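Structure first, commentary second.
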Ligand SMILES: Nc1nc2c(ncn2[C@@H]2O[C@H](COP(=O)(O)OP(=O)(O)OP(=O)(O)O)[C@@H](O)[C@H]2O)c(=O)[nH]1
Ligand SMILES: [Mg+2]
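Residue numbers (my numbering): 8 to 465.
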């Protein structure tokens with residue numbers, strides 16, 4: 008399908024070695040022009056030791072650029088499905104640039120971001136959702152994001168989609184059968200209630216998949232945890248402690264933090280995104296008021312809220328906070344327990360023993376227990392490598408739209424609409440699901456959007 012041969016540096020600069028990748032029908036011919044051996048007849052999956060040389064045909068001058076190893080891959084047994092090669096050079100910026108320049112002088116073109124993976128997709132080595140998983144795998148920073156990307160790359164999501172497709176096709180054929188023989192009134196091919204049951208099962212399966220998106224997003228971007236409370240209770244001190252960094256300004260002046268400050272840490276392999284907020288108090292200061300509005304917005308977006316107190320909150324304050332955190336985990340945290348005269352029990356607070364912790368952010372007391380409580384509140388299912396978690400907004404969008412079409416099929420079946428009226432929505436459901444794996448013809452614009460987020464060399 009592609010005729011040009013591409014090259015790019017596949018490794019990050021600064022290492023002891025650098026790998027240059029070449030892919031396309033002319034890979035081995037072009038490489039042989041700058042390598043000390045002829046590779047045009049090299050077998051697949053072989054490694055060759057030799058030199059990259061710059062030669063001048065007129066003066067017969069030869070300059071050795073580097074001592075390298077070349078791995079040779081042959082179509083279709085390569086990452087891209089094309090003839091390709093990888094040159095392991097020494098990691099000098101000079102060498103790597105020189106080798107790339109030589110390849111380009113001899114007929115290669117610089118690869119675009121993600122172009123190797125795009126070729127792998129176009130050559131049928133993987134479907135679109137697997138290609139996207141490659142980018143996620145490269146970007147994975149912890150066990151959870153790695154597991155999700157690996158599951159998708161290994162095709163677990165694709166095979167669930169294939170199952171759905173099979174069921175939808177079965178449904179389509181049952182409806183078509185009904186159409187073909189609709190003249191024969193005495194024949195009943197598909198029991199409508201059975202069709203309805205099958206459709207509902209598919210719809211529930213898609214809904215289940217779509218629902219995993221929230222977890223997927225949280226794991227990918229970090230589970231949002233808002234640190235809130237009155238001014239001066241030590242919110243910024245706690246943030247700094249958790250991050251082990253002087254990220255936010257701490258002072259004993261009330262209203263020090265004006266804007267929200269965010270950063271992530273990992274607890275047991277899960278990323279949490281902590282948001283320090285402006286302290287809540289009555290104020291006439293306009294900037295501070297905006298900051299406090301942002302505090303409420305941060306609570307809305309958070310999955311876990313750490314409410315810091317250093318004295319007993321009133322019943323109405325407690326009721327308000329519980330109301331704001333109805334659908335989240337609220338942890339009430341007494342800070343500054345190192346201070347003389349710090350209260351050791353609160354009569355108003357309900358018996359939420361598991362959600363009440365005592366710490367000193369300044370003296371680092373009770374922080375391990377706090378981290379454990381945060382981790383438990385996140386209520387993350389332990390992921391298996393085969394678990395399918397939807398992590399891409401593109402996939403989530405397609406699943407949601409597919410279900411809208413399917414819902415119309417369900418409505419139609421319930422209203423006893425004829426099969427030909429239903430089959431159009433059924434076809435749309437199939438097409439929409441196929442967008443995820445790229446089984447449908449995927450517009451260039453969509454492909455461009457997906458692959459432009461890759462690094463060059465992948
Ligand atoms: N004794 C003691 N002092 C603390 C503790 N945590 C914070 N402080 C002090 O309390 C003061 C306020 O701390 P900050 O972290 O700036 O408080 P904040 O809640 O971010 O305040 P605002 O940003 O103004 O809302 C500082 O002087 C801190 O050193 C603690 O655990 N014990
Ligand atoms: Mg602060």
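Using N, Cα and C, we set each Cβ at its ideal position, and we do this for glycine too.
Computed from a predicted structure; not experimentally measured.
In the three-state reduction of the DSSP assignment, residue 434 falls in the helix class. Under the three-state reduction of DSSP, residue 157 is assigned to helix.
Ligand 2 has a heavy atom closer than 8 Å to the beta-carbon of residue 256. In this structure, DSSP gives residue 318 a state outside helix and strand, which the three-state scheme calls coil. For residue 283, the CB falls within less than 8 Å of some heavy atom of ligand 2.
Counting the other Cβ atoms within 10 Å of the Cβ of residue 159 gives 16 or more, which makes it buried.
With a beta-carbon spacing of about 13 Å, residue 242 and residue 270 fall beyond the 8 Å limit used to define contacts.
Checking the DSSP bridge columns, you'll see residue 32 has no partner listed. C-alpha of residue 63 to C-alpha of residue 446: approximately 49 Å in a straight line. Within the region 61–94, the runs of beta strand (DSSP E) at least 3 residues long that lie entirely inside it are, in chain order, 68–80. Within the same chain, Cβ atoms closer than 8 Å to the Cβ of residue 70 are found at 60, 61 and 62, the five residues on either side in sequence being excluded. As summarised for the region 209–264, the continuous beta strand (DSSP E) elements at least 3 residues long and confined to that stretch are 230–236, given in chain order. DSSP places residue 129 in the helix class (H, G or I) of the three-state scheme.
Counting only the Cα atoms, residue 102 lies some 7 Å from residue 72. Counting along the chain, no beta strand (DSSP E) covers residue 136; the unbroken alpha helix (DSSP H) around it starts and ends at 135–146. Judged by DSSP in its simplified three-state form, residue 25 adopts strand. Ligand 1 has no heavy atom closer than 8 Å to the beta-carbon of residue 402. Annotation for residue 242 indicates a beta carbon within 8 Å of some heavy atom of ligand 2. For residue 15, the enclosing beta strand (DSSP E) stretches over residues 13–16. DSSP, reduced to helix, strand and coil, places residue 355 outside both helices and strands of the structure shown, so it counts as coil. For residue 310, the secondary structure class from DSSP, reduced to helix, strand or coil, is coil. Residue 264 sits buried, since 16 or more C-beta atoms from the chains shown fall within 10 Å of its C-beta. Residue 460 has its CB no nearer than 8 Å to any heavy atom of ligand 1.
Placement of the Cβ of residue 263 at a distance of less than 8 Å from at least one heavy atom of ligand 2 is found. The beta carbons of residue 120 and residue 460 sit closer together than 9 Å. Within the chosen limit of 8 Å, ligand 2 reaches the beta carbon of residue 286 through at least one heavy atom.
Distances from the alpha-carbon of residue 34 to those of 43, 16, 146 and 11 put 11 closest. Looking at the DSSP output, residue 364 bridges to 340.
With a cut-off of 8 Å on Cβ pairs, the region 302–314 is in contact with the region 230–237, counting three or more such pairs. Annotation: residue 324 to residue 279 spans about 27 Å, alpha carbon to alpha carbon. The three-state secondary structure of residue 51, taken from DSSP, is coil. DSSP places residue 347 outside both helix and strand once states are collapsed to three, so it counts as coil. Contact between the region 207–221 and the region 285–295 is not established, with fewer than three Cβ pairs separated by less than 8 Å.
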